[in-house]
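Going by UniProt numbering, 132 is the number at position 132 of the sequence shown; the sequence numbering is gapless. The beta-carbon is built from N, C-alpha and C at its ideal position, and this holds for glycine as well.
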Amino acid sequence: MVVFAAMLVVPLVYAAYLSLFREQLVGGRSFVGLANYARALGDSAFGEGVLRVSLFLVIQVPIMLGLALLFALALDSGRLYAQRFVRLSIFLPYAVPSVVATLMWGYLYGPDFGPFTQIAEGLSLPAPPFLSSGWMLGSLMNILTWEFIGYNMIIMFAALRAVPADLYEAARMDGAGELRIAWSIKIPAIRSAILLTVIFSVIGSYQLFNEPNLLQTLAPNVIDSAYTPNLYAYNLAFTSQDLNYAAAVAFLLAAGIAVVSYVVQLTSQRRARS
Numbered sequence: 001m002v003v004f005a006a007m008l009v010v011p012l013v014y015a016a017y018l019s020l021f022r023e024q025l026v027g028g029r030s031f032v033g034l035a036n037y038a039r040a041l042g043d044s045a046f047g048e049g050v051l052r053v054s055l056f057l058v059i060q061v062p063i064m065l066g067l068a069l070l071f072a073l074a075l076d077s078g079r080l081y082a083q084r085f086v087r088l089s090i091f092l093p094y095a096v097p098s099v100v101a102t103l104m105w106g107y108l109y110g111p112d113f114g115p116f117t118q119i120a121e122g123l124s125l126p127a128p129p130f131l132s133s134g135w136m137l138g139s140l141m142n143i144l145t146w147e148f149i150g151y152n153m154i155i156m157f158a159a160l161r162a163v164p165a166d167l168y169e170a171a172r173m174d175g176a177g178e179l180r181i182a183w184s185i186k187i188p189a190i191r192s193a194i195l196l197t198v199i200f201s202v203i204g205s206y207q208l209f210n211e212p213n214l215l216q217t218l219a220p221n222v223i224d225s226a227y228t229p230n231l232y233a234y235n236l237a238f239t240s241q242d243l244n245y246a247a248a249v250a251f252l253l254a255a256g257i258a259v260v261s262y263v264v265q266l267t268s269q270r271r272a273r274s
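Listed below in structure tokens is the structure:
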């Protein structure tokens, strides 16, 4: 409890305190109440970052979780050869630190030295502009999907292993095939695990930081200081030295994450009841 309070509660309280003030060259620190929050709500850079990660969430999360569920169902079927090797291969990218993974993909995306560019040049084709403004969000989606499919797959696979096998046997006796069993029994049985991965993915999407921060050095004209809300708050605090406004931005982002997570959970519960 002491560690929890010192490392989480106290910093949060202090950040909330900072968000209510403003540092000025003349007059020093002054109390401004909710003015920083009002400023953030009208900040176009912050708004564009939120819309960008919202688009990222809507596209990337269904693809990632869909693939994770597919792999979990395939592993649970017991019909894959070298099942342990396949499971480890899918999970292994999650064990790679995000910084290392981003550096690796940054090398692969490189327009001058990347292998994709070299292959395209060898085939007399234009190099794919992975780091261009039109492709950057998709490139980030690819990195995050590669990183976290294995993590979400393990959660779903563990939930599948807890489903009683008697349900499958009864369904097979009634003539149900594997696809029917997966759709009507397995997926509904692990709905809570799927909801958990969705909530984690929502939180992770709005906290996107490492990947754009590292790729910024390769594409400084595409990824600016406000490309994602988390990156914006970081640059406000440690580059612009505007700690008060950064704290307000961070709290608004946290409030938005809480609202979206609650809506996802409430929607899932209503569908389960219906």
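Sequence-distant partners of Gln83 (beyond 5 residues in either direction) whose C-beta falls short of 8 Å from its own C-beta, in its chain, are Leu75. In the structure shown, Gly28 adopts extended strand secondary structure according to DSSP, grouped into three states. DSSP, read as helix, strand or coil, puts Phe21 in strand. The Cβ atoms of Phe157 and Ala248 do not sit closer than 8 Å to each other. Of Leu34, Leu131, Leu137 and Tyr245, the smallest CA-CA separation from Thr228 is found for Leu137.
One alpha carbon belongs to Ser268, the other to Pro188, and they sit about 11 Å apart. One Cα belongs to Asn221, the other to Ser132, and the distance between them is close to 9 Å. Assignment of beta strand (DSSP E) within the segment 175-257, counting only whole runs of 3 or more residues, yields no such run. Pairing Tyr168 with Ile185 gives a Cβ-Cβ distance under 8 Å.
Around the CB of Leu231, 16 or more other CB atoms lie within 10 Å, so the residue is classed as buried. Judged by pairs of C-beta atoms under 8 Å, the segment 170-178 does not touch the segment 111-126, as fewer than three such pairs exist. Selection Trp135, Leu218 and Tyr81 evaluated against Leu103 yields Leu218 as nearest (Cα-Cα). Phe113 carries a coil assignment under DSSP once its states are collapsed to helix, strand and coil. Nearest to Arg191 by alpha-carbon distance, out of Gly49, Leu69 and Val61, is Leu69. Contact between Ser201 and Met64 holds, with the beta-carbon distance rounding to 7 Å and staying under 8 Å.
Per DSSP, the continuous alpha helix (DSSP H) segment holding Ser44 begins and ends at Ser44 to Ser77. Residue environment analysis places Pro212 among the buried positions, since at least 16 neighbouring C-beta atoms fall within 10 angstroms of its C-beta.
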